[in-house]
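Remarks on the structure that follows.
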Amino acid sequence: MKITTIISSLLLALTFGNANEIAESQQQWIEVYKKQVNIPEPGAMLINQDEEPDLSDGFVDLYNGKDLKNWEPKGGNCTFEAKDGYIEGVCVPESPSTYLSTKKNDYTDFVFTAELKYIVDGNTGIMFRADAKPGKKGETVFGPQAEMEAFSKGRYWSGGIYGQSAGGWIYPMWLDAHEGPRNSMKKSDWNRITIKADGNNIKTWLNGKPAAHWTTDEYSKGFFSLQIHSGKEGQIQFRNIKVKELK
Numbered sequence: 000m001k002i003t004t005i006i007s008s009l010l011l012a013l014t015f016g017n018a019n020e021i022a023e024s025q026q027q028w029i030e031v032y033k034k035q036v037n038i039p040e041p042g043a044m045l046i047n048q049d050e051e052p053d054l055s056d057g058f059v060d061l062y063n064g065k066d067l068k069n070w071e072p073k074g075g076n077c078t079f080e081a082k083d084g085y086i087e088g089v090c091v092p093e094s095p096s097t098y099l100s101t102k103k104n105d106y107t108d109f110v111f112t113a114e115l116k117y118i119v120d121g122n123t124g125i126m127f128r129a130d131a132k133p134g135k136k137g138e139t140v141f142g143p144q145a146e147m148e149a150f151s152k153g154r155y156w157s158g159g160i161y162g163q164s165a166g167g168w169i170y171p172m173w174l175d176a177h178e179g180p181r182n183s184m185k186k187s188d189w190n191r192i193t194i195k196a197d198g199n200n201i202k203t204w205l206n207g208k209p210a211a212h213w214t215t216d217e218y219s220k221g222f223f224s225l226q227i228h229s230g231k232e233g234q235i236q237f238r239n240i241k242v243k244e245l246k
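The C-terminal residue of the sequence shown carries number 246 in numbering that gives the first Met the number 0, and the numbering is unbroken.
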């Protein structure tokens, strides 16, 4: 074995040797989620080591900056309003979670990116390859979601993947390897979430930091949604909502 190969292997071991261990600050969540359907074994979780995709070319704006003609609300009664250059979602107490969804519902392989700002703290996220079905309180959106978690949770799992009405946490951001994205969230500024779906391979980035890496054959196509989660409060702004479909 060449000396350069040995050195490279040692460097990788030092860098990612503890990558699949649950971080000390996240230990309390093991007991909370141990019986959840989707919760993965830490040692089996894939680690995203890729740089964020180039976001400068080939993208289509999903928001035209003035109205919501290419979007439709699904689920509850939380409100979404077109503003100058951004969309604002506001939680309505006692309303079910609400999803402002693209009318186009057959996105398959893509790079999606958007920026979010928390005006009033609340839970939110980006549904992708999503679908809808009848529910007890009206239409229910289900499928994978790139989570953008409320700061009040205190664990900083934004960038992880949640199975919305589909089994709960799929990829929690609790490993040592996730320290970068956990520390990147900004309370009073814009936060960028990027999602790449290519076949059964899903990756996310949070503020440019590699976050989730998950593979699935279950969700192959669907629509995007901006979520305002049910709760007492929440006011979230969304801008630079773009997608590049992969051929």
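Note that beta-carbon positions come from the ideal geometry of N, C-alpha and C, so glycine has one too.
Item	Value
Within 10 Å of its beta-carbon, does LYS68 have 16 or more other beta-carbons around it, so buried, or fewer, so exposed?	exposed
Give me the residue from GLY179, ILE86, THR215 with the minimum Cα distance to ASP108.	THR215
Go ahead and pull the three-state DSSP assignment for PHE141.	strand
If you draw a straight line from the C-alpha of ILE21 to the C-alpha of ASN104, how long is it?	36 Å
Could you check where the beta strand (DSSP E) with PRO180 kicks off and where it finishes?	Careful: PRO180 lies outside any beta strand (DSSP E), inside the alpha helix (DSSP H) at 178 to 183.
What are the residues that DSSP puts in a beta bridge with THR123?	MET147, ILE227
Give me, in chain order, the residues of the same chain whose beta-carbon lies closer than 7 Å to that of ALA18; leave out the 5 immediate sequence neighbours on both sides.	ILE46, LEU174, ASP175, ALA176
Under three-state DSSP, which class holds TRP213?	strand
Applying the 10 Å Cβ sphere with the 16-neighbour rule, what's the burial state of ASN206?	buried
Hey, GLN234 and VAL59: beta-carbon distance below 7 Å or not?	no
Exposed or buried, which one is ILE227 when buried takes at least 16 other CB atoms within 10 Å?	buried
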